[in-house]
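K.L.:
After the C-alpha cells below, expect a handful of questions from me.
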Amino acid sequence: MLEERVFTIESPKNKLITLDVIPGHFTTGNAHLNYYLNMSRIKANALVARDVAREMAIPYLSKSLVDTIICMEDTEVIGAYMAEELLENGSMVVNSDRDIHVVRPTVSIGGQLIFMQSTQKFVYNKHIVLLISSASTGKTILKALECISYYGGNLEGISAIFSARAKIAGQEINAIFSTDDIPNYEVSKPSECKMCKDKQKIDAIVNHDGYTMV
C-alpha cells in the first residue's frame with residue numbers, strides 16, 4: 315500500500331505546517347513524478363488552512379493591493395483565510411478596509427478556464443493574487459495567467475502550497491514548500507522518465523483531488 319511509504323515534512327516557513335509525501339512512480343497525464351504530495355489535510359482542515367493562509371499573506375501585506383484571490387485546485391478555504399489576513403488592521407497593512415473577493419474559474423467543455431458573467435467584474439481591472447495547490451510543470455499556472463489576462467486582471471502575485479519551480483512565466487512563486495524540502499524530487503515528460511526507462515511500474519494516476527491506483 316502506498317500509505318505505508320508516507321513520510322512527513324515540515325515547512326521551513328512554519329514548523330506547524332506539515333505535508334505528507336509518498337515516494338513512487340506517478341503520472342498526471344502530461345508528466346511523471348517520483349513523489350505524490352497529499353494536500354487534502356492542508357486544504358480541508360480549517361486550522362491548518364488558516365496557518366497556511368497566514369504565511370501566504372505575508373508577501374502581500376505591506377506592499378500589494380489585492381482585490382481578488384483566484385483559487386485553483388480546491389484552495390478556496392485557504393483563499394478565504396488569506397483574504398481575512400490581508401484585511402487585518404495595522405499600520406503596515408495596505409488592504410485593511412478593502413473589499414477582497416475569493417473566486418474560482420469554471421472549466422469549459424473545451425477545457426479552457428473561464429469566468430461566468432457574474433464573477434467577471436471581480437477580475438476586470440482588479441489586482442489579482444493567483445492561489446494554487448501544486449505547481450510541478452507550470453501548465454495550470456500558464457492557463458490561469460492566460461485566463462486572467464483575457465478578462466483584464468492585473469496579477470499581483472502567485473502563491474502555492476508547493477512549487478517545483480521558483481518562477482513561472484517570469485513570475486515568482488510564493489510557495490510554502492519547494493523542492494528543497496523534498497529529497498531528489500523529479501518531474502519529467504513521460505518520454506524522458508527515468509523510472510519508465512528502468513521498467514518501474516506506475517503506482518497511481520494523480521491530480522489535485524488525490525490518486526487512483528493502477
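Following my numbering, the numbering of the sequence shown begins with 315 at its first residue and continues without gaps.
C-beta atoms are modelled at their ideal positions from N, C-alpha and C, and glycine is treated no differently.
Computed from a prediction, not measured in an experiment: that's the story for all the values here.
Starting from the C-beta of Thr454, find all residues in its chain whose C-beta is less than 8 Å away, skip the five residues before and the five after it, and write them out in chain order.
P.N.:
Position 140 of the sequence shown, counted from the first residue, corresponds to residue 454. Cβ neighbours of Thr454 beyond the five flanking positions: Met386, Glu387 and Ile446.
K.L.:
Report all residues from its chain with a CB closer than 8 Å to the CB of Ile519; omit the five preceding and five following residues, and keep chain order.
P.N.:
For this step, residue 519 is matched to residue 205 along the sequence shown. Excluding residues within five positions, the ones whose Cβ falls inside 8 Å are Phe340, Thr341, Thr342, Gly343, Tyr525, Thr526 and Val528.
K.L.:
Would you kindly work out how many angstroms separate the C-alpha atoms of Lys311 and Gln426, rounded to a whole number?
P.N.:
Only positions 315 to 528 of the chain appear in the structure, and residue 311 is not among them; the question remains open.
K.L.:
Let's see if you can read the secondary structure: which residues bound the alpha helix (DSSP H) around Met509?
P.N.:
Here residue 509 is taken as the residue at index 195 of the sequence shown, counted from 1. Element bounds for Met509: Lys508 to Lys511.
K.L.:
In its own chain, which residues sit with a C-beta less than 8 Å from the C-beta of Tyr465, not counting the 5 before and 5 after it?
P.N.:
For the purposes of this step, residue 465 is taken as the residue at position 151 of the sequence shown. Excluding residues within five positions, the ones whose Cβ falls inside 8 Å are Phe429, Gln434, Val437 and Tyr438.
K.L.:
Could you give the uninterrupted runs of the beta strand (DSSP E) lying entirely in the stretch 443-520, keeping only those of 3 residues or more?
P.N.:
Counting whole runs of 3 or more residues, the stretch 443-520 contains the beta strand (DSSP E) stretches 468-477 and 485-492.
K.L.:
Please return the same chain residues whose Cβ sits closer than 7 Å to the Cβ of Ser405, not counting the five positions on each side in sequence.
P.N.:
Residue numbering aside, residue 405 sits at position 91 when the sequence shown is read from its first letter. Summary for Ser405: the model assigns pLDDT 48, below 50, so the residue's position carries little reliability, and this model does not support an answer.
K.L.:
Provide the residue(s) that pair with Asp411 in DSSP beta bridges, ordered along the chain.
P.N.:
By one-based count along the sequence shown, residue 411 stands at place 97. Its beta-bridge partners do not exist; DSSP assigns none.
K.L.:
Roughly how many angstroms lie between the CA atoms of Ser364 and Met396, to the nearest whole one?
P.N.:
Here residue 364 refers to the residue found at position 50 when the sequence shown is read from its first residue. Here residue 396 refers to the residue found at position 82 when the sequence shown is read from its first residue. Checking the sequence, you will find Arg at residue 364 rather than Ser. Cα-Cα distance, rounded: 7 Å.
K.L.:
Looking at the strands, I want to know which residues DSSP matches up with Thr341.
P.N.:
Taking the first residue of the sequence shown as position 1, residue 341 is located at position 27. His346 and Ile519.
K.L.:
Bridge partners for Met353 per DSSP, in chain order?
P.N.:
Mapped onto the sequence shown, residue 353 falls at position 39. None; Met353 has no bridge partner.
K.L.:
What would DSSP say about Lys435, mapped onto helix, strand or coil?
P.N.:
Within the sequence shown, the letter at position 121 stands for residue 435. In this structure, Lys435 counts as helix in the three-state DSSP scheme.
K.L.:
Examine the Cβ distances between the stretch 502-511 and the stretch 323-333 and report whether three or more of them are shorter than 8 Å.
P.N.:
No: fewer than three Cβ pairs fall under 8 Å.
K.L.:
Check this for me: beta carbons of Val501 and Ala478, under 9 Å apart or not?
P.N.:
What you label residue 501 is simply residue 187 of the sequence shown in a count that begins at 1. What you label residue 478 is simply residue 164 of the sequence shown in a count that begins at 1. A contact, by the Cβ cut-off of 9 Å.
K.L.:
With Thr382 and His415 assumed to form a contact (beta carbons below 8 Å), what rounded beta-carbon distance in angstroms separates them?
P.N.:
For the purposes of this step, residue 382 is identified with residue 68 of the sequence shown, where counting begins at 1. For the purposes of this step, residue 415 is identified with residue 101 of the sequence shown, where counting begins at 1. Sure, about 5 Å apart at Cβ, within 8 Å.
K.L.:
Just to confirm before moving on: does the CB-CB distance between Pro419 and Ala367 stay below 9 Å?
P.N.:
Counting from 1 along the sequence shown, the entry for residue 419 is found at position 105. Counting from 1 along the sequence shown, the entry for residue 367 is found at position 53. Not closer than 9 Å, so no.
K.L.:
In the DSSP assignment, find the beta strand (DSSP E) that holds Glu324 and state where it starts and stops.
P.N.:
The count along the sequence shown starts at 1 and reaches residue 324 at position 10. Run containing Glu324: Phe321 to Ser325, per the beta strand (DSSP E) assignment.
K.L.:
For Val380, name the three-state secondary structure that DSSP assigns.
P.N.:
Residue numbering aside, residue 380 sits at position 66 when the sequence shown is read from its first letter. Here Val380 sits in coil by DSSP.
K.L.:
For Tyr499 and Ile490, what's the separation of their Cα atoms in angstroms?
P.N.:
Within the sequence shown, numbered from 1, the residue matching residue 499 stands at position 185. Within the sequence shown, numbered from 1, the residue matching residue 490 stands at position 176. C-alpha separation (whole angstroms): 16 Å.
K.L.:
What does Gly524 pair with, by DSSP beta-bridge criteria?
P.N.:
In the sequence shown, counting from the first residue as 1, residue 524 sits at position 210. For Gly524, which the question treats as bridged, DSSP gives the partners Asn521.
K.L.:
With a CB to CB cut of under 8 Å and the five nearest residues on each side skipped, what residues in its chain are close to Val335?
P.N.:
The count along the sequence shown starts at 1 and reaches residue 335 at position 21. Closer than 8 Å at Cβ, skipping near neighbours: Val320, Phe321, Thr322, Ile323, Tyr349, Tyr350, Leu351, Asn352 and Ile496.
K.L.:
Where do the N-terminal and C-terminal ends of the alpha helix (DSSP H) with Gly425 fall, by residue?
P.N.:
Your numbering for residue 425 matches position 111 in the sequence shown. Note, Gly425: premise wrong, no alpha helix (DSSP H); not H, not E.
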